[in-house]
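Asks:
Numbering (the numbering used here), first residue to last: 109 to 296.
#1: Put residue 249 into one of helix, strand or coil per three-state DSSP.
#2: Tell whether a beta-carbon distance below 8 Å holds between residue 161 and residue 119.
#3: According to DSSP, is residue 171 part of a helix, a strand, or is it coil?
#4: State the Cα-Cα distance for the pair residue 143 and residue 153, rounded to the nearest angstrom.
#5: Measure the C-alpha to C-alpha separation of residue 257 and residue 133 and round it to an integer number of angstroms.
#6: Let me confirm a value: residue 329 is counted as buried when at least 16 other C-beta atoms fall within 10 Å, else exposed. Which label applies?
#7: So, does the region 172–187 touch the region 250–266, judging by three or more C-beta pairs under 8 Å?
#8: Could you give the C-beta distance for residue 189 and residue 149, rounded to a whole number, given that I count them as a contact under 8 Å?
#9: At 3 residues or longer, what runs of the beta strand (DSSP E) sit wholly inside the region 116–201?
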């Protein structure tokens, strides 16, 4: 039985055998595309993704094996997406409807039409609340709860100390809770 190589092992192998890089592309293509879209890339997401893989391939020799490959490539995706916005001088807008729906549907299993309507209402409230968060808080919540990165990986992606990641996640959750409560009061 063939043992599956870790991403880090494949990355090191790809430095010498360029065809191994396609394994990494296959492993990360969908996850990174989803992340880039959530950062607000929209129609440009696939172009940005292609640029991410080009940069990763070009700088593979500088990959620090003390980091996880996942953190390294997410950081490239994050920085490339932000750079694309700076070039266009456009603020990212993200697909909050998809994010809110995915968040709630990941934790909900509804059975009736009434429950479905309640979930759609919750999604709407969550989307409005997320829309009021700063990009910093939105990004950190997306990395933690949608991309399911751990604190260390988020620290690597955003180039922050781990303590800052923990405190920013805590602040972002408090701010999101506050915004959700404000939105819910509108429906009372």
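Cβ atoms here follow ideal geometry from the backbone N, Cα and C, with glycine treated the same way.
Replies: Reading off the structure:
#1: Indexing the chain shown from 1 puts residue 249 at position 141. It is helical.
#2: Stepping through the chain shown from its first residue, residue 161 is reached at position 53. Stepping through the chain shown from its first residue, residue 119 is reached at position 11. Against a cut-off of 8 Å, the Cβ pair of residue 119 and residue 161 comes out as no contact.
#3: Translated into the one-based positions of the chain shown, residue 171 becomes position 63. DSSP places residue 171 in coil when its eight states are reduced to three.
#4: Reading the chain shown from its first residue, position 35 is the one you call residue 143. Reading the chain shown from its first residue, position 45 is the one you call residue 153. Their Cα atoms are separated by approximately 9 Å.
#5: What you label residue 257 is simply residue 149 of the chain shown in a count that begins at 1. What you label residue 133 is simply residue 25 of the chain shown in a count that begins at 1. Rounded to whole angstroms, residue 257 to residue 133 spans 18 Å at the Cα level.
#6: Because the chain here runs from 109 to 296, residue 329 falls outside it and cannot be looked at.
#7: Of all C-beta pairs linking the region 172–187 to the region 250–266, three or more are shorter than 8 Å, placing the two stretches in contact.
#8: Indexing the chain shown from 1 puts residue 189 at position 81. Indexing the chain shown from 1 puts residue 149 at position 41. With 8 Å as the limit, residue 189 and residue 149 qualify as a contact, their Cβ atoms being about 6 Å apart.
#9: none
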